[in-house]
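Everything below concerns the one structure shown next.
There are 2 protein chains.
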Amino acid sequence: MTQTDDARLPLHARTHDDLLRRIRAGEWPHDVPLPSEGELAAEYGISVGTMRRVLGTLTSDGLVERRQGRGTFVRRAAFEHSLARFFRAGDRVPASRILDRQRVAAPADVAHALGSSGEVLHLLRLRLLDDEPYLVEDIWLPLPAFEPVAVAALDDLGDLLYPAYERLTGLVVAAATEDLSVVTASADDAVVLGCADASPLVRVERSARSVTGQVLEHRISRGPASRFHYRMEIS
Amino acid sequence: MTQTDDARLPLHARTHDDLLRRIRAGEWPHDVPLPSEGELAAEYGISVGTMRRVLGTLTSDGLVERRQGRGTFVRRAAFEHSLARFFRAGDRVPASRILDRQRVAAPADVAHALGSSGEVLHLLRLRLLDDEPYLVEDIWLPLPAFEPVAVAALDDLGDLLYPAYERLTGLVVAAATEDLSVVTASADDAVVLGCADASPLVRVERSARSVTGQVLEHRISRGPASRFHYRMEIS
DNA sequence: TAGTGGTCTAGACCACAAA
DNA sequence: TTGTGGTCTAGACCACTAC
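What follows is the structure, given as structure tokens:
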């Protein structure tokens, strides 16, 4: 066992911190279970009950998923909670079209977000409902890590990018930070989205990270503010 | 003990549901502790460990707060997470001014939200930073429950309304639902906020409820979209 | 000093999944 | 059949708060 923290902290807290570190270090891929409760407890020299508490905390923090009879697995990120999902879609199924893909020198803000100042891959992506655009996205990916995405057939990327990233590069998005603000449509955005010039758009800026915290993708999505509706519960 | 649920559910789940029902029924005011772990366990005929699990769940759901050596208490709502707090304030301290207070017949949507179709109390409230308005709020309160708020001196309401409600009527806000959307400024709003006509505003609509689920207040807040910035983490 | 919640242990038994 | 997590119990000891 590796003691990562103050020995005055409770056992379950120290164990939690260490296990979290190992998860972030990528010790267990998503398809291989962690050791069982009993094995982990023995390894850390604590009781099974205490280890259960640690695993329970990691579960409610959304880091692992426990399945009875199968084991404990490192979880993928829950992007069903992304702010970009709050553009009203009704019952229609969104489609995706990549309008442009180019190697470019990273603009300053993108270089800052990605933490890599060299060449990056830029995607311009349109999302549609019934062939009607409702979201336009600028996506930046670091090179050479995402070289396979730069050379893949566009059809091969599909409607969902994160599974494509994983398939092509092996890199898995595990967490993200999103920033919501309201802006006015640029001339380009207005043309692509088919809305009036300078009409209000909701803008969601996302930095997506791997388990190790490395930024894998920087994305700026814009859609008509009139379609956006976000609900939250306070308790 | 009252069995509220399917007997096939685990003990901790049934106990949780029943304890939740009693909390919502207002059995324990905010300043009087629940019975101790041991007493509750005995009352429900379960072990202390299982009762601890129930109380742990209620704690992480934000319904109760446990303090070592003192006891377990029903918690107030955590409005520090309100969407309305994401209008940039910098380091300045917000102030509050009530511009208007009137008894009115409830408009249809307000009557629907409050679940009371009779007369309601309407407040028009302005929130300011350095004497500069940044948020305007329409607030509706059901009558006669909030009669004391209708007759109190405006100075007596103070900058924070929820403590005033509790002081004057004994009613405590325990939870809320908030809806965020983007609208354009009405002529009235533009004048009050000092912004251009039809400029984009972020609108937060809130229904605030008591522990029993009764809607105590319906509130619609608007502020300049340019000041709004919301950040969320996905994991 | 008495009473509260917080930590930790040890172990029995059940439900589910895979080989 | 074996191994996994899920439920539930019983009890020891510690840390904090109030009186």
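The listed protein sequences correspond, in order, to chains A and B.
With the UniProt record's numbering, the residue at position 195 of the first sequence is 195, and numbering never jumps.
With the UniProt record's numbering, the residue at position 160 of the second sequence is 160, and numbering never jumps.
Ideal Cβ positions, reconstructed from N, Cα and C, are used throughout, including at glycine.
Chain B beta carbons: is any one of them nearer than 7 Å to that of residue i?
i: Ala-84 of chain A; result: no
i: Val-173 of chain A; result: no
i: Ala-77 of chain A; result: yes
i: Met-1 of chain A; result: With a pLDDT of only 42 at Met-1 of chain A, under 50, the local geometry of the prediction cannot be trusted, and no value is derived from it.
i: Leu-19 of chain A; result: no
i: Pro-10 of chain A; result: no
Using a cut-off of 7 Å between C-beta atoms, extract the partners of residue i located in chain B.
i: Glu-217 of chain A; result: Simply none; closest approach about 13 Å.
Can you name the residues of chain A whose CB is closer than 7 Å to the CB of residue i?
i: Met-51 of chain B; result: In chain order: nothing, as chain A lies at least about 16 Å away.
i: His-81 of chain B; result: Ile-234
i: residue 236 of chain B; result: Since the first residue of chain B shown is 1 and the last is 235, residue 236 of chain B is not available in this structure.
So what's residue i in DSSP terms, helix, strand or just coil?
i: Val-110 of chain A; result: helix
i: Glu-27 of chain A; result: coil
i: Gly-56 of chain B; result: helix
i: Ala-175 of chain A; result: strand
i: Leu-143 of chain B; result: coil
i: Thr-72 of chain A; result: strand
i: Leu-63 of chain A; result: coil
i: Arg-97 of chain B; result: strand
i: Thr-184 of chain A; result: strand
i: Gly-49 of chain A; result: helix
i: Gly-223 of chain B; result: strand
i: Val-32 of chain B; result: coil
i: Thr-15 of chain A; result: helix
i: Ala-41 of chain A; result: helix
i: residue 276 of chain A; result: Look at the range of chain A in this structure, 1 to 235, and you will see that residue 276 of chain A is not part of it.
i: Leu-20 of chain A; result: helix
i: Arg-8 of chain B; result: coil
Could you check whether the Cβ of residue i sits closer than 7 Å to any Cβ belonging to chain A?
i: His-16 of chain B; result: no
i: Asp-189 of chain B; result: no
i: Ala-225 of chain B; result: yes
i: Thr-177 of chain B; result: yes
Note down, in chain order, every chain A residue with its Cβ under 9 Å from the Cβ of residue i.
i: Ser-210 of chain B; result: Here the premise fails: no neighbours, minimum Cβ distance about 12 Å.
Could you work out which residues of chain B lie near residue i, taking near to mean beta carbons separated by less than 9 Å?
i: Leu-180 of chain A; result: Phe-86, Leu-180, Phe-228, His-229, Tyr-230, Arg-231 and Met-232
In chain B, what lies closer than 8 Å to residue i by C-beta?
i: Gly-62 of chain A; result: Ser-235
In this structure, what does DSSP give as the bridge partners for residue i?
i: Gln-102 of chain B; result: B:His-122
i: Pro-133 of chain A; result: A:Leu-128
i: His-218 of chain A; result: A:Trp-140 and A:Ser-207
i: Glu-233 of chain A; result: B:Thr-177
i: Pro-200 of chain B; result: B:Thr-184
i: Phe-87 of chain B; result: B:Phe-228
Would you say the beta carbon of residue i comes nearer than 6 Å to a heavy atom of the ligand MG?
i: Tyr-44 of chain B; result: Looking for the ligand MG in the displayed structure turns up nothing, as the structure carries no ligands at all.
Practice task
For the segment 147-173 of chain B, list the alpha helix (DSSP H) runs that are entirely contained and at least 4 residues long, ordered along the chain.
Solution key: 147-151 and 161-169
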